[in-house]
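Trainee: In my numbering, the protein residues as written are 5 to 203.
For glycine and all other residues, C-beta sits at the position ideal for the given N, C-alpha and C.
Note that the structure is a prediction, hence the values are computed from the model and not measured.
So that we are looking at the same thing, I have put the structure below in structure tokens.
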């Protein structure tokens, strides 16, 4: 599937960096972007809506999606399966929309191999100490899980060269983060050699 002048934007970064918050703010601004809803087997958290935040599916349903080639990529992250549905992307590109997918660093690396012409944006915390504080405030991980996430984050920071852009997400300056992502999208639209997405 070709998207003429359409961008496929991959937003990634370590757990707790604020990917969900950034995307929620972008959605409020009514930008003409299609946000891919990821499929996952992880339990639904309080306040999350099925089909809006994630497609919450059983492990059996997820494995069927893998077997029938419905996923662009998938991964096991902290014991839960996450996958990016292809059909959503194909339909949005066919409509001439820019597509945004939020994904962990492991998934971004997989997509880089499949669609190197995508735009890869790495959301960074101001510091690892700040990230650890955010994760503790979230209260969704045990002490052991928190330790594992911080070890994973240190490894993920080494993946920075895989990305085209890095944006530091300060918790109290969300508008700046959004403005920088907007600037990246605008710059990509002005490229002499456009990124042609074929899926």
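Output the distance between the C-alpha atoms of residue 136 and residue 154, rounded to the nearest integer angstrom.
Mentor: 7 Å
Trainee: Do residue 122 and residue 14 have their C-beta atoms within less than 8 Å of each other?
Mentor: yes
Trainee: Are the CB atoms of residue 80 and residue 44 nearer to each other than 8 Å?
Mentor: With respect to the 8 Å criterion, residue 80 and residue 44 are not classified as neighbours on the basis of their beta carbons.
Trainee: Just to confirm the assignment: which complete alpha helix (DSSP H) runs, minimum length 4, are found wholly within the stretch 121 to 156?
Mentor: 132 to 142
Trainee: Anyone know if the C-beta pair for residue 101 and residue 190 falls short of 8 Å?
Mentor: no
Trainee: Assuming residue 127 contacts residue 17 under a Cβ cut-off of 8 Å, what Cβ separation, rounded to an integer in Å, is found between them?
Mentor: 3 Å
Trainee: Use the C-beta contact count for residue 56: other C-beta atoms within 10 angstroms, 16 or more gives buried, fewer gives exposed.
Mentor: exposed
Trainee: Could you have a look at residue 179 and say whether DSSP puts it in helix, strand or coil?
Mentor: helix
Trainee: Within this structure, are the beta carbons of residue 98 and residue 166 separated by less than 8 Å?
Mentor: Against a cut-off of 8 Å, the Cβ pair of residue 166 and residue 98 comes out as no contact.
Trainee: Please classify residue 170: is it buried, with 16 or more other beta-carbons within 10 angstroms of its beta-carbon, or exposed?
Mentor: exposed
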